[in-house]
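First up is the structure itself, then whatever we jot down about it.
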């Protein structure tokens, strides 16, 4: 089922949680709402669920306006950040709960409930744990019980609030892959909230990057990572080196480097920020005539799929460079060495303070 | 030691080595964290003898005194019409006051723990008033409100409604002094549990009523029972507030504690202690129930406390 939110506004007291949020989600998509804490991502999710009412704007499921429909009638499966399992009920009773509280006329028989719960527990691979209490389960198992319980309402949309937030790295990784596969299998529109960019990039069909109650960018993981539309997205998705520089007459310059920047042909000099991802930088022993930054190696961390080299430029700024291991071995770098940092790609943002020069 | 704990996560072998070393260490004579044996024994002896002299012996004396002239006199003094009526009135009062406070206490705790509203801290303070003021004053409040001298007095008497020096007054005063027990027991627990489970229940399609019966109430049932037991003990044992509003009409407005006092003042010791022994018995039953419920609450908190993430 497709989900659409239109011009949503929400504030808590004087805090503006969401301002003019518009978002359209296709049926069967897996969407990640990504942003730092306080960005409004959880509020947006709760508004879609009906756990929170927007001050203005509307929520549409398919073509129906559900803004004023209570959460219980929206057919959404909501998984809470801390699972919110019923502590006094067994796993079985937890999953059976949505079936047991149905109005008498549509309540399934005990036999049907049993079959349905068994089926759901099988789906989340918890078949043997039906008689356990939530406190007897691990974090990952509780998460899956919460998911099975949410699926028991036969939802049209699955909403997950920081689903892997409270789990350790290994379980998180496994559960993420598993959830992705499950979502493919049941083909349910799924919206999850996360502050972990890696998680969003790996799991989602599309990512909605949020900041300060607004949507910064909506796009596939590839789009938001490689074509960020703004500085915030650039900074939030992955590590990045920032240099303060200037633009003037089609030229950009920072530190000792200058290069063509046709995006700003004006002759009034303006401040600009130059962003370079660690993997877009290379290290050379000599400048070889290319624009480069002299720097001293401070720390090398070759653990992992790439080597991370932390340097300090001659201007005193820290720079992080990520080299693939072959390149790293070929260079044979040591800490304390004087080298040159060369950029393979860079992005320039001219702050939009003056509308006349908006880029 | 802390290094070993930190290592235990990453390297199980390291933990094994550490445990082994600890076993080899020769046993120490005095542990660093406990007192020498004689200090412990003196402390235990002091508290046990204190309990013996101030609690156990007086309690035993109540039963001894009540049975001094034999079981027959004991039973007949309880079967005295005035004593019997006092017992009945006490039970009736408790039967009205305790359920009322159960409902009000639950409602108050629910609203305080689960909702934000202006004046919330004032309400929390108000709940404590019956504990803070003297029971005599609690009784006087009702005399001032409903007595013959009050502004409501003439209207009440012209309609033939008697509250003060009658059963309604006794019930009102009892409700007042026992109000905080249930609410106070529930508020911290409900606050700690938060509203997430209720939200989950609502999102799973449960109605408000279903959420209350299936989620909220089971989560607080032991604390609720605990509050009810304490509330009941106080309702049956209350003297001060009830004494002010009762009027001490024998066979009509005397509760058990009031009746004990009257009998005692008349030097009718056996009868006084016979009725008192019932109150003492109630205390013992209360204590037993209380321990049982405490044990259940402890078990529940163990059951529901989050275990290690695996």
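Protein chains in written order, with this note's numbering: chain V, 22 to 380; chain Y, 35 to 344. Glycine is no exception: its CB is placed at the ideal position from the N, C-alpha and C atoms.
Around the Cβ of residue i, are there at least 16 other Cβ atoms within 10 angstroms (buried) or fewer (exposed)?
i, result
"residue 55(Y)", "Residue placement at residue 55(Y) is poorly supported in this model, since its pLDDT is 46, which falls under 50; the coordinates are not used for a value here."
"residue 334(Y)", "buried"
"residue 260(Y)", "buried"
"residue 60(V)", "buried"
"residue 321(Y)", "exposed"
"residue 34(V)", "exposed"
"residue 86(V)", "exposed"
"residue 311(V)", "exposed"
"residue 180(Y)", "buried"
"residue 240(Y)", "buried"
"residue 182(V)", "buried"
"residue 301(Y)", "exposed"
"residue 326(V)", "exposed"
"residue 211(V)", "buried"
"residue 266(Y)", "buried"
"residue 213(Y)", "buried"
"residue 324(V)", "exposed"
"residue 184(V)", "buried"
"residue 135(Y)", "buried"
"residue 160(Y)", "exposed"
"residue 57(V)", "exposed"
"residue 204(V)", "buried"
"residue 277(Y)", "buried"
"residue 362(V)", "buried"
"residue 31(V)", "buried"
Can you name the residues of chain V whose CB is closer than 9 Å to the CB of residue i?
i, result
"residue 327(Y)", "Chain V residues near residue 327(Y): none, gap ~16 Å exceeds 9 Å."
"residue 244(Y)", "121, 122"
Which first and last residues belong to the beta strand (DSSP E) in which residue i is found?
i, result
"residue 274(V)", "272–275"
"residue 265(V)", "262–269"
"residue 240(V)", "235–240"
"residue 242(Y)", "No beta strand (DSSP E) contains residue 242(Y), which is instead part of the alpha helix (DSSP H) from 242–245."
"residue 280(V)", "278–281"
"residue 332(V)", "327–334"
"residue 37(V)", "36–46"
"residue 183(Y)", "Per DSSP, residue 183(Y) belongs to no beta strand (DSSP E) and is neither H nor E."
"residue 33(V)", "24–33"
"residue 221(Y)", "Element bounds for residue 221(Y): not the beta strand (DSSP E) but the alpha helix (DSSP H), 201–227."
"residue 359(V)", "359–364"
"residue 221(V)", "Taken as a continuous stretch (DSSP letters only), residue 221(V) belongs to no beta strand (DSSP E), being part of the alpha helix (DSSP H) at 218–224."
"residue 292(V)", "291–297"
Output, in chain order, the set of chain Y residues within a Cβ distance shorter than 8 Å of residue i.
i, result
"residue 101(V)", "230, 233, 234"
"residue 93(V)", "236, 237, 238, 239, 240, 241"
"residue 105(V)", "230, 231, 233, 234"
Against residue i, what residues of chain V qualify as contacts under a CB-to-CB distance less than 8 Å, listed in chain order?
i, result
"residue 225(Y)", "What residue 225(Y) touches in chain V: nothing, since even the nearest Cβ is about 16 Å away."
Residue i touches chain Y at which residues, Cβ-Cβ below 9 Å?
i, result
"residue 202(V)", "Per Cβ cutoff of 9 Å: no residues; residue 202(V) is ~21 Å from chain Y at best."
Residue i versus chain Y: which residues are under 7 Å apart at the beta carbon?
i, result
"residue 151(V)", "Within chain Y, no residue comes near residue 151(V); the closest Cβ sits about 17 Å away, beyond 7 Å."
Just reading off the alpha helix (DSSP H) that residue i is part of, what are its end residues?
i, result
"residue 106(Y)", "104–113"
"residue 208(V)", "No alpha helix (DSSP H) holds residue 208(V); DSSP gives it neither H nor E."
"residue 255(Y)", "251–271"
"residue 160(V)", "160–172"
"residue 292(Y)", "290–299"
"residue 81(Y)", "71–85"
"residue 233(Y)", "230–237"
"residue 280(Y)", "274–280"
"residue 348(V)", "346–352"
**Q.** chain Y contacts from the stretch 108–142 of chain V (Cβ-Cβ distance under 7 Å)
**A.** 108, 109, 118, 119, 122, 123
Q: For the stretch 167–179 of chain V, enumerate the residues whose C-beta is nearer than 9 Å to any C-beta of chain Y, in chain order.
A: 167, 170, 171, 173, 174
Q. Going along the chain, which residues of the stretch 56–82 of chain V sit with their C-beta nearer than 7 Å to a C-beta in chain Y?
A. 70, 72
Q: At 3 residues or longer, and completely inside the stretch 71–150 of chain V: list those beta strand (DSSP E) runs for me, N to C.
A: 77–82, 97–100
Q. Using a beta-carbon distance cut-off of less than 9 Å, what residues from the stretch 33–58 of chain V approach chain A?
A. Structure shown: chain A not included; protein chains present are V and Y.
Q) Can you list, in chain order, the residues of the stretch 247–279 of chain Y whose Cβ is nearer than 8 Å to any Cβ on chain V? A) 248, 249, 252, 253
Q: Let me know the alpha helix (DSSP H) ranges lying completely inside the stretch 136–168 of chain Y, each 4 residues or longer, listed in chain order.
A: 154–161, 163–166
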